[in-house]
Amino acid sequence: MALTRLLIKDFRNIEAADLALAPGFNFLVGANGSGKTSVLEAVYTLGHGRAFRSLQAGRVIRHDQPEFILHGRIEGAEREISVGLSKSRQGDSKVRIDGSDGHKVAELAQLLPMQLITPEGFTLLNGGPKFRRAFLDWGCFHNEPGFSPPGAT
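Numbering follows full-length UniProt numbering, with no gaps: position 137 of the sequence shown is 137.
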């Protein structure tokens, strides 16, 4: 599945953005402070229900705004799926899938699986085999939902 469109409203320093994304690689180019990392964080937040730079919703909502809204279009081999996530300063979340409310964040993670590797996260490289196995197990689970890591109950 591929994220082919991303709409961002009041997320970090982005007031509003509507991005058409190509399958495969997409390059974000811009001056320092222009919002490149904020776009990446918006994609991550849409798939995980939380930001990777802050666990508090209020810190990723643009100044003086009550909430952020993220919307994406995911295209797969069989169909197109519309997903959305909004979060208020109080931490209330709303997940929408194909126009229907009341979904769980875990459902977003199934539709938009991704992993993040940042300079701060070198544990994957130098933290020992347990971290690498967990990373690979995560990928196997999202590729084969029936997969259960060895030793899992």
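Ideal Cβ positions, reconstructed from N, Cα and C, are used throughout, including at glycine. Keep in mind it's a predicted model, so treat the numbers as computed, not measured.
**Prompt:** Can you tell me whether ARG12 is buried or exposed, with buried defined as 16 or more other CB within 10 angstroms of its CB?
**Reply:** As a position in the sequence shown, residue 12 is number 12, starting the count at 1. By the 10 Å Cβ count, ARG12 comes out buried.
**Request:** Could you tell me the distance, in whole angstroms, from the CA atom of LEU40 to the CA atom of PRO150?
**Result:** If you number the sequence shown from 1, residue 40 lands on position 40. If you number the sequence shown from 1, residue 150 lands on position 150. One C-alpha to the other measures close to 32 Å.
**Prompt:** Do the CB positions of ILE69 and SER88 come within less than 7 Å of each other?
**Reply:** Mapped onto the sequence shown, residue 69 falls at position 69. Mapped onto the sequence shown, residue 88 falls at position 88. No, Cβ-Cβ distance for ILE69 and SER88 is not below 7 Å.
**Asked** What span of residues does the alpha helix (DSSP H) with SER38 cover, start to end?
**Response** For the purposes of this step, residue 38 is taken as residue 38 along the sequence shown, with counting starting at 1. Residues 36 to 48.
**Asked** To which residues of the same chain is ALA42 closer than 6 Å at the C-beta, ignoring the five residues directly before and after it?
**Response** Indexing the sequence shown from 1 puts residue 42 at position 42. The answer, listed in chain order, is ILE8, PHE11, LEU70.
**Request:** Go through its chain and collect everything with a Cβ distance to LEU46's Cβ below 7 Å, but skip five positions before and after it.
**Result:** Within the sequence shown, numbered from 1, the residue matching residue 46 stands at position 46. Excluding positions up to five away in sequence, the list reads LEU70, GLY72, VAL83, LEU85, LEU108, LEU112.
**Beta-carbon proximity list for LEU116, same chain, < 7 Å, skipping 5 on both sides** = Taking the first residue of the sequence shown as position 1, residue 116 is located at position 116. Result list for LEU116: TYR44, PHE52, in chain order.
**Request:** Return helix, strand or coil for HIS142, following the three-state DSSP convention.
**Result:** Position 142 of the sequence shown, counted from the start, is the residue given in the question as residue 142. Residue state, collapsed to three classes: helix.
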